[in-house]
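**Student:**
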Amino acid sequence: MNLTRGQRAKIADLVPNGQRFTLGVTVSAPGMIVDIACFGLDADAKLSDERYMTFFNQPSTPCGGVALATPPGDTAGFAIDLSRLPASIARLTITAAIEGAGTMSQIASGQVRFMDGGSEVGRFAFSGGDFAQERALMLLEIYRKDGVWRTCALGQGFNGGLDALVTHFGGTVAETPPAPPPEPPKPQAPPVDLSKITLEKRGNSVALEKAANGNHGEILINLKWRSLPQPQKKGLFGGFGPKRTDLDIGCLYELIDGDKSAVQALGNTFGSYNTPPYIALDADDRTGTSSEGENLRINGRHWDRIRRVLVYAFIYEGAPNWAEANALITLKTPGQPEIEVRLDSHRNDRPMCAIALLENQGGAVKVTKLVDYYRGHVDMDLAHRWDLEWARGRKD
């Protein structure tokens, strides 16, 4: 049986004995560490007995009804014997939580499998496309209703990591031990230049301070790049000289009221600074020789009307050569450090690059480095779940 999100089924319909089986769990997320746990909860969905949380640091429940066991082909799992669970345990919730950096949207694929002996009898599959910025998931639940054990494929995102899940279920997290005595002072390092912040790695983020009156002023996003001549076909119809790469800046935006669209030169959707969407594109540099580059201007007086902005660059003309373009965006806000994001990883088979994400966090501006490459607008939209309808466009 292939379970879909929200689907329920009786355990006896999956496993003939209805009591003993194994759950195999796999979460494929390159570069991330994902902890898998099983919470044994009471009728109020609370972890009333913390001995019934089964994870890497506590491999079995006192009754032996749940124990760590990984089936072949999976990365984690649990051996379940429902007949051993005490009456106080009314449900088992399988969870996944990220340790360190990352979000659940980065999951390549995942699954929870019901195994009867060596045979798979049920499966719930999921992927990062089902989630956004969540750092923990409640994957699957096994619960007792009217004396019958059932299951539900949850696939529910949850903010926070494993500690937040423990707290959510009513458990307590061990306090961090007191810090050791301070070490003797060391020679001071050279002062840090607080006038500029460079986001070095993908996923790095910084939050600009919330403006006291809610007015951030003009948020200026500038793209500069170096255009190299592209090879020109020779012959009678070969043209009149080398053709240069045309690299454009643009953005997807989502307002608080739910309005979504794009601001870019392609299609002549240059936006508006003083009226919604409060984002405007200044000019279209088709050569890469302009000393000013291209600018997106966000009206920070209306930042409270904006939910998120995805800044991107795409190659309108010319063969993709991101390394040679040496593209760089800077974000300038009055009274705040300048933020710099360089396109320092490259995919020359893809002409679209999502560079940075700006999010409204309670009035503050959070900036996250992305530098992800896509085949076009549609692929980027799907990856970041903007859900726009796209049509082919051109410049005049």
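Heads up: the sequence shown begins at 1 in UniProt numbering, then just goes up one per residue.
Virtual Cβ for every residue (Gly too), placed ideally from N, Cα, C.
None of these values were measured; they are calculated from a predicted model.
#1: Let me check understanding here. Comparing Cα to Cα, which of Asn299, Gly258 and Glu292 lies closest to Ser272?
#2: Assess, as a yes-or-no matter, whether the stretch 157 to 170 is touched by the stretch 91 to 98 under the definition of 3 or more beta carbon pairs within less than 8 angstroms.
#3: To test your reading of the DSSP string, which unbroken beta strand (DSSP E) runs of 3 or more residues are found completely within the stretch 32 to 117?
#4: Would you mind giving the Cβ-Cβ distance between Thr93 and Leu41, rounded to the nearest angstrom? I have them listed as a contact below 8 angstroms.
#5: Since Val206 is in the beta strand (DSSP E), which residue starts that stretch and which ends it?
#6: Return the residue from the list Thr151, Phe78 and Leu388 that minimises the CA-CA distance to Trp56.
#7: If you follow the alpha helix (DSSP H) that Thr167 is part of, which residue opens it and which one closes it?
#8: Within the continuous beta strand (DSSP E) that includes Ala356, where are the two ends?
#9: Any chance you could list the beta strand (DSSP E) runs of at least 3 consecutive residues sitting entirely within the stretch 246 to 272, in chain order?
#10: I need the straight-line Cα distance from Tyr52 to Leu281, nearest angstrom please.
#11: Expressed to the nearest angstrom, what Euclidean distance is found between the alpha-carbon atoms of Leu325 and Asp372?
#12: Can you give me the Cβ contacts of Ala29 inside the same chain, cut-off strictly under 6 angstroms, excluding the 5 residues immediately before and after it?
#13: Please report the distance separating the alpha-carbon of Ala45 from that of Gly171.
#14: Using DSSP bridges, identify the partner residues of Gln156.
#15: Mind checking whether the beta-carbon of Tyr312 lies closer than 8 angstroms to any heavy atom of the ligand FAD?
#16: Helix, strand or coil: how does DSSP classify Glu183 here?
#17: What residue does the beta strand (DSSP E) around Leu331 start on, and which one ends it?
#18: Which residues share a DSSP beta bridge with Asp372?
**Tutor:** Once the coordinates are examined:
#1: Asn299
#2: yes
#3: 33 to 41, 66 to 68, 76 to 81, 91 to 99 and 109 to 116
#4: 6 angstroms
#5: Ser205 to Leu208
#6: For the record, residue 56 in the displayed sequence is Phe; it is not Trp. It is Phe78 whose Cα lies nearest to the Cα of Phe56.
#7: Leu162 to His168
#8: Met352 to Gln361
#9: 246 to 255 and 260 to 263
#10: 56 angstroms
#11: Looking at the sequence provided, one finds Ala at residue 325 rather than Leu. Ala325 and Asp372: Cα-Cα distance of roughly 16 angstroms.
#12: Gln106 and Ile107
#13: 11 angstroms
#14: Met138
#15: This structure simply doesn't include the ligand FAD, nor any ligand for that matter.
#16: coil
#17: Leu328 to Lys332
#18: Ala354
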